[in-house]
Amino acid sequence: MNKLHRYFLKRLFYSIFVLIGLSIVIFVIARVVPGDPARMALGPRAPQFAVDALREEMHLNNNLPTQYFYWVKGVATGDLGKSLVTKRNVTEDIKEFLPATLELVALSAVFVIMFSILFGALAARHKDKWIDSLIRVMAYTGVAMPSFVLAVLFLLFFGYIWPVIPVLGRLSAGLYAPPTFTGLYTIDSLLVGDLEVFWDALKHLLLPALALAVGPLFQEARIVRSSMTDNMTKDYLASAVAFGMPDRVVMGKYLLKPSMIPAVSVMGLDIAAMMGNAFLVEVIFNWPGISRFGMEAMLHKDLNAISAVIVVFGLIFVLVNILVDLIVAYLDPRIRLGGGV
Amino acid sequence: MGNHILDIRDLYVWYRTYEGYSKVLDGVDFNVNKGEKVGLVGEAGCGKTTTMRSVLGILPEGQFHIPKGEILYHGENILKMKPQELHKIRSEGMSMIFQEPSAALNPVFTIGSQIFDVIKYSGEGNSAGSRSKNKEKIREKAIQAIREVYIPDPERILECYPNQLSGGMKQRICIAMAIVTERELLIADEPGTSLDVTIQDQVHRLLRDLVDKKGMSLVMITHSLGVAREMTDRIYVMYAGNIVEIADTKELFANPLHPYTLGLLASVPKLTGGGVTEGIYGQIPDYLNPPKGCRFYPRCDRADHSCQQEKPPLRDMGDGHYTACFKV
């Protein structure tokens, strides 16, 4: 196990460099895109001296390495700079918008994990039967339909034709957000025991999370299915059957665990990618998330906000990847232990 | 025929392919008596493994078709059995050792977990007594079985994953799994083929000794007549899905009859004879369009017109020696 610990410490260490690299790239890209951020922040009618003053304040007149140095200096002291749009410290913005997206993606991830295994296992178990075909058709549809199309359909159906479930925002009007511990409304409301807010927050989460989950869900279901049908032809499965083990043990133990290994790796990446892909879903469902915030920051050339959002995304991506590696190592002793006695 | 544990009668197994049915088994007759060690010998792809996998019902699901035939286990047709009955035979009657031990052991579970499950679902695992006591008993049994296949330090082996063991050790573990509970028939599918020669010999000897000690019957699938000679009492020679010769082991080597058997014997390199002198030209026929008549005639130097017209039946040559050839 010691070897594994060292491996993950090493991974953590390397990921610092990944984040530094990422921040440099995004820092440069954000600045070479044409347009003067100071001018955009102050508007076309602002006097030139005000723009010049802001440029000076933001170190925009220095060369890129110097600018980057100022930025890193800020980050090291926990100061991500001021947003040109919200006029607040970017840290504040992230604190406000990140939990909403985390909550959304977390529920989507639950959907993806649960249903991809369920559908994948069902399809594999009933390979080439009607149930497999049905799931296949659902999968093709689900993967082919972009999440924003689904989001619009949900909005149309549940907002207009059959309004049984709320479609906009994180909470119904009249309810107050629970006190902030994690920023995730469902968890915070449970922590203070406010079930009404919990239900309302959960209902608001449902549709956007589903819209976001459907694509990756079916893609993962296909991976689970193909890895299961692949493993079904392995001798170790024939062996388990030949030893007279019951179906539920053969399928639920001897087939499921090895089949999850390829699925988990892809699932991790897809779930991390949902952070960024959430943008259109957040726009449609009026969800105050960080993906939407980041997109608006880019449109406004809000330099500090762009860098902060990208670095936060990068951090989450890196962490999810390490988590995925941990799970895979748990599932697969060949990775965990290497060869030899 | 009261003594047969296993009696396969006129078995046909076809595989579904895109080009049509691949007609692999073509009327196989095969039986095993109590306490007998039987060899099933033939070259690669002749249907040995298919025959024995169909006995355990582990042919690839949805890809095969059995148009005709019976597999009788103590007189009951396995092919017509309800799932529970088949289950009982698999968990208490027979066990199988596969050719490739690395493929036969699940890579993501410990050796212990896999042996425990074999015991647990064999009907011997759920005796009376508390749960923890039961668990202890299962563990004891597993350790005992690992000792019986001569692997040192069984407690540690139980915690190991298959990839931590060598090929020979893995095959011993597979043998341990097959004998850990009482069963009367052991099917060994080329258990030594994937191992190197010295280990192969140890594994074969271990297998023979264990089968003798436990009074089990053995079906030994092998492509090597030499291995069959060491291990078995009686040999079935198989060619392209047909049994072409049956005889007691001694009789077969003393008096081989079928041209295919003769060819197999001639292809064995002799220590005294300076390497391989002869062999059989050509290859196993295309199972999609197998030759009418004797499936061996395209490769047979004795074949004539009659061999192409009709399939030769197994004929009794006396003393339990059967052969399927018109020219003998």
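Heads up: the protein sequence lines correspond to chains A and B, in order.
Under this note's numbering, the letters of the first sequence match residues 242 to 582, in that order.
Under this note's numbering, the letters of the second sequence match residues 77 to 404, in that order.
Yeah, the Cβ is synthetic: ideal placement off N, Cα and C, and Gly gets one too.
request  = Could you work out which residue in B/Tyr-312, B/Ile-233, B/Asn-182 is closest to B/Asp-324 when comparing CA atoms only?
outcome  = Here residue 324 of chain B refers to the residue found at position 248 of the second sequence. Checked all of B/Tyr-312, B/Ile-233, B/Asn-182; the closest Cα to B/Asp-324 is B/Tyr-312.
task = Report the residue from B/Thr-125, B/Ser-270, B/Ile-233, B/Asp-288 whose alpha carbon sits nearest the alpha carbon of B/Ile-255.
result = For the purposes of this step, residue 255 of chain B is taken as the residue at position 179 of the second sequence. Of the candidates B/Thr-125, B/Ser-270, B/Ile-233, B/Asp-288, the one whose C-alpha sits nearest the C-alpha of B/Ile-255 is B/Asp-288.
query = Going straight from the alpha carbon of A/Pro-419 to that of B/Pro-136, what length do you get?
reply = Here residue 419 of chain A is taken as the residue at index 178 of the first sequence, counted from 1. Here residue 136 of chain B is taken as the residue at index 60 of the second sequence, counted from 1. Roughly 57 Å separates the two Cα atoms.
request  = Please compile the residues from chain B whose C-beta is within a distance smaller than 9 Å of the C-beta of A/Arg-377.
outcome  = Here the question's residue 377 of chain A lines up with position 136 in the first sequence. In chain order: nothing, as chain B lies at least about 16 Å away.
task = Could you tell me the boundaries of the alpha helix (DSSP H) in which A/Gly-530 lies?
result = Working through the first sequence from its first residue, we reach residue 530 of chain A at position 289. Where A/Gly-530 is concerned, there is no enclosing alpha helix (DSSP H), given that its DSSP letter is neither H nor E.
query = Among the residues of its own chain, which have a CB less than 7 Å from the CB of B/Ile-233, if the five just before and after it don't count?
reply = Position 157 of the second sequence, counting from 1, holds the residue named residue 233 of chain B. Only Ile-187, Ile-222, Ile-227 meet the Cβ criterion.
task = Report the neighbours of A/Tyr-477 on chain B: residues whose CB is nearer than 8 Å to its CB, in chain order.
result = Taking the first sequence and counting its residues from 1, one reaches residue 477 of chain A at position 236. The answer, in chain order, is Ala-179, Ala-180, Leu-181, Asn-182, Pro-183.
query = What does DSSP give as the partner residues of B/Ser-293 in its beta bridges?
reply = Numbered from 1 along the second sequence, position 217 holds the residue referred to as residue 293 of chain B. B/Ser-293 pairs with B/Leu-261.
message = Would you say B/Leu-116 lies against chain A (beta-carbon separation less than 7 Å)?
response = Translated into positions along the second sequence, residue 116 of chain B becomes position 40. At a cut-off of 7 Å between beta-carbon atoms, B/Leu-116 makes no contact with chain A.
Proximal chain A residues relative to B/Val-194, where beta-carbon distance stays under 7 Å = In the second sequence, counting from the first residue as 1, residue 194 of chain B sits at position 118. Within 7 Å Cβ-Cβ: Phe-484.
message = Ignoring anything shorter than 3 residues, give me the beta strand (DSSP E) runs that lie fully in the stretch 291–377 of chain B, in order along the chain.
response = Entirely contained in the stretch 291–377 of chain B, the beta strand (DSSP E) runs reaching 3 residues are, in chain order, 293–298, 310–315, 318–324.
ask   = Grouping DSSP H, G and I as helix and E and B as strand, with all else coil, what is A/Val-274?
value = Along the first sequence, read from residue 1 onward, the residue named residue 274 of chain A stands at position 33. Coil, per DSSP.
For B/Leu-82, three-class secondary structure by DSSP = The residue given as residue 82 of chain B occupies position 6 in the second sequence. Strand at B/Leu-82.
ask   = A/Arg-490 versus chain B: which residues are under 8 Å apart at the beta carbon?
value = Here residue 490 of chain A corresponds to residue number 249 of the first sequence, with the count starting at 1. The sequence shown places Val at residue 490 of chain A, not Arg. Those are Asp-193, Tyr-197, listed as they occur along chain B.
ask   = Which runs of the beta strand (DSSP E) spanning at least 3 residues fall entirely within the stretch 374–452 of chain A, listed in chain order?
value = none
ask   = Looking only at its own chain, which residues have a Cβ that is under 6 Å from the Cβ of A/Arg-296, when we skip the five neighbours before and after it?
value = Position 55 of the first sequence holds residue 296 of chain A. Same-chain partners within the cutoff: Ala-279, Asn-302.
key: Rounded separation between A/Arg-489 and B/Gln-175 - CA only   = Against the first sequence, residue 489 of chain A aligns to sequence position 248. Against the second sequence, residue 175 of chain B aligns to sequence position 99. In a straight line, the C-alpha of A/Arg-489 is about 26 Å away from that of B/Gln-175.
task = Check whether the stretch 486–501 of chain A touches the stretch 305–317 of chain A, taking contact to mean three or more Cβ pairs, one atom from each stretch, closer than 8 Å.
result = no
message = Tell me which residues share the same chain as B/Thr-93 and place their Cβ nearer than 8 Å to its Cβ, disregarding the 5 neighbours each side in the sequence.
response = Your numbering for residue 93 of chain B matches position 17 in the second sequence. Closer than 8 Å at the Cβ level, and outside the excluded window around B/Thr-93, lie Leu-364.
message = Rounded to whole angstroms, what is the Cα-Cα separation between B/Gln-247 and B/Pro-267?
response = Counting from 1 along the second sequence, the entry for residue 247 of chain B is found at position 171. Counting from 1 along the second sequence, the entry for residue 267 of chain B is found at position 191. Distance between the alpha carbons of B/Gln-247 and B/Pro-267: 7 Å.
inquiry  = Does chain A have any CB closer than 7 Å to the CB of B/His-163?
reply    = Here residue 163 of chain B is taken as the residue at index 87 of the second sequence, counted from 1. With 7 Å as the cut-off, B/His-163 counts as an interface residue toward chain A.
inquiry  = Short of 6 Å in beta carbon distance, which residues of its chain neighbour B/Ala-252, apart from the five on each side in sequence? Order them along the chain.
reply    = To locate residue 252 of chain B, count along the second sequence from 1; it is residue 176. Cβ neighbours of B/Ala-252 beyond the five flanking positions: Ala-221, Ile-222, Val-225.
task = Pull up the distance between the alpha-carbon of A/Tyr-417 and that of A/Ala-514, whole angstroms please.
result = One-based indexing of the first sequence puts residue 417 of chain A at position 176. One-based indexing of the first sequence puts residue 514 of chain A at position 273. Straight-line Cα distance between these residues: approximately 31 Å.
request  = Return the CA-CA distance between B/Leu-282 and B/Pro-332, expressed in angstroms with no decimal places.
outcome  = By 1-based counting over the second sequence, the position of residue 282 of chain B is 206. By 1-based counting over the second sequence, the position of residue 332 of chain B is 256. Between B/Leu-282 and B/Pro-332, the C-alpha separation is close to 28 Å.
request  = Return the residues of the stretch 123–152 of chain B that lie within a Cβ-Cβ distance of less than 8 Å from chain A, sorted by chain order.
outcome  = For the stretch 123–152 of chain B, the beta-carbon criterion of a distance under 8 Å to any beta-carbon of chain A is satisfied by Arg-129, Leu-132, Gly-133, Ile-134, Pro-136, Glu-137, Gly-138.
key: Assigned secondary structure, B/Met-170 (DSSP; H/G/I helix, E/B strand, else coil)   = Within the second sequence, the letter at position 94 stands for residue 170 of chain B. If DSSP states are grouped into helix, strand and coil, B/Met-170 belongs with the strands.
key: Alpha-carbon to alpha-carbon, B/Arg-310 and B/Ile-322   = The residue given as residue 322 of chain B occupies position 246 in the second sequence. The residue given as residue 310 of chain B occupies position 234 in the second sequence. Cα to Cα, B/Ile-322 sits roughly 7 Å from B/Arg-310.
key: chain A contact for B/Arg-92 (CB, 7 Å cutoff)   = Locating residue 92 of chain B in the second sequence gives position 16, where the first residue counts as 1. Not closer than 7 Å to any Cβ of chain A, the Cβ of B/Arg-92 fails to qualify, so no.
ask   = Within 7 Å (strictly less), CB to CB, does B/Asn-239 reach chain A?
value = Reading the second sequence from its first residue, position 163 is the one you call residue 239 of chain B. Yes, B/Asn-239 counts as interfacial toward chain A.
request  = State the start and end residues of the unbroken beta strand (DSSP E) segment that holds B/Ile-147.
outcome  = Position 71 of the second sequence holds residue 147 of chain B. Counting along the chain, the beta strand (DSSP E) containing B/Ile-147 begins and ends at 140–149.
key: Between the CA atoms of A/Pro-340 and A/Leu-432 - distance to the nearest angstrom   = As a position in the first sequence, residue 432 of chain A is number 191, starting the count at 1. As a position in the first sequence, residue 340 of chain A is number 99, starting the count at 1. For A/Leu-432 and A/Pro-340, the distance between alpha carbons rounds to 16 Å.
request  = Specify whether the stretch 208–222 of chain B and the stretch 188–197 of chain B touch according to this definition: at least 3 beta carbon pairs, one from each stretch, less than 8 Å apart.
outcome  = yes
query = Which runs of the alpha helix (DSSP H) fall wholly inside the stretch 521–575 of chain A and span at least 4 residues, in chain order?
reply = 531–540, 544–572
query = Would you say A/Ser-324 and A/Ala-481 are within 7 Å of each other, going by their C-beta atoms?
reply = Residue mapping note: residue 324 of chain A aligns to position 83 of the first sequence, counting from 1. Residue mapping note: residue 481 of chain A aligns to position 240 of the first sequence, counting from 1. Taking the C-beta atoms as reference points, A/Ala-481 is found no nearer than 7 Å to A/Ser-324.
query = How about the stretch 312–329 of chain A and the stretch 538–552 of chain A: do they share at least three Cβ pairs that are nearer than 8 Å?
reply = yes
key: Three-way DSSP call (helix, strand, coil) for B/Asp-386 in this model   = One-based indexing of the second sequence puts residue 386 of chain B at position 310. Note that residue 386 of chain B corresponds to Glu in the displayed sequence, not to Asp. DSSP places B/Glu-386 in coil when its eight states are reduced to three.
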